[in-house]
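Notes follow once the structure below has been shown.
Encoded structure:
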């Protein structure tokens with residue numbers, strides 16, 4: 195394919211130095227939206243207005259992009275989580291709310307249909323994503339709740355362990371259009387399209403059953 199001279203820089207121009215990251219981001223957006231199996235390399239190329247050859251210059255194929263995307267997702271999540279947990283300027287109340295929101299927003303895009311698709315077509319990638327979703331948020335969340343229990347803000351019983359599982363499960367379900375479709379007329383039709391609002395409502399419900407009176411007094 196004949197190389198086209200680079201046009202003058204514009205706001206939408208793809209920076210060659212960040213092209214692999216842009217490829218990953220575009221591909222993962224398509225995978226989450228349409229399902230991994232339904233997306234082909236041509237779709238990714240079309241999304242970025244580049245050639246398939248350019249994609250293959252960076253990745254061996256769609257499966258390689260997927261694995262890189264999962265690792266990029268994990269890195270971004272951990273970076274954001276650590277920034278919240280290590281922020282000494284945040285009160286416990288602010289830290290807890292920020293971390294819960296971080297979990298919710300991060301995982302709201304990963305719906306059940308996407309995971310089922312991966313389980314059938316890319317079992318290794320599915321296992322990596324499943325392990326990450328199960329282990330990492332729970333570990334960091336438990337660390338934060340243990341801190342809250344030490345200072346008397348969180349109930350020091352099995353409630354907080356249960357709360358972790360309830361929250362993660364609720365966020366994954368209430369931001370999944372396929373799950374919400376099972377309850378026509380019962381839940382707002384646009385709930386899956388407003389993940390932040392939905393997640394904030396879940397946070398409020400969760401905290402009422404987990405926090406002590408001391409938390410509300412201070």
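Residue numbers (the numbering used here): 195 to 412.
Virtual Cβ for every residue (Gly too), placed ideally from N, Cα, C.
Note that the coordinates shown come from a computational prediction; the quantities given were computed from them, not determined experimentally.
- Between residue 272 and the set 293, 258, 260, 374, the nearest pair of CA atoms involves 293.
- Residue 268 and residue 333 have their C-alpha atoms spaced approximately 14 Å apart.
- Taking 8 Å as the cut-off, the beta carbon of residue 327 is found no closer than this to the beta carbon of residue 299.
- Here residue 302 is buried: its Cβ has 16 or more other Cβ atoms, across all protein chains shown, within 10 Å.
- In the three-state reduction of the DSSP assignment, residue 377 falls in the coil class, being assigned neither a helical nor a strand state.
- Using a Cβ-Cβ distance cut-off of 8 Å, the region 333-344 and the region 280-294 are in contact, since at least three pairs of beta carbons, one from each stretch, lie closer than that value.
- Contact between residue 222 and residue 254 fails: their C-beta atoms lie close to 17 Å from each other, not under 8 Å.
- Contact holds between the region 224-236 and the region 304-314, because three or more Cβ pairs, one in each stretch, are under 8 Å apart.
- In the three-state reduction of the DSSP assignment, residue 304 falls in the coil class.
- Distance from the CA atom of residue 370 to the CA atom of residue 361, rounded to whole angstroms, is 14 Å.
- 398 is the residue among 373, 275, 392, 398 whose C-alpha sits nearest the C-alpha of residue 357.
- Rounded to whole angstroms, the separation of the alpha carbons of residue 266 and residue 244 is 21 Å.
- In its chain, beyond the 5 residues on either side, 233, 237, 238, 241 have a beta carbon closer than 7 Å to the beta carbon of residue 224.
- Burial is judged here by how many other beta carbons sit within 10 angstroms of a residue's own beta carbon; residue 347 has at least 16 and is buried.
- Taking C-alpha positions only, residue 261 is separated from residue 252 by approximately 13 Å.
- The criterion of a C-beta distance shorter than 8 Å is satisfied by residue 246 and residue 235.
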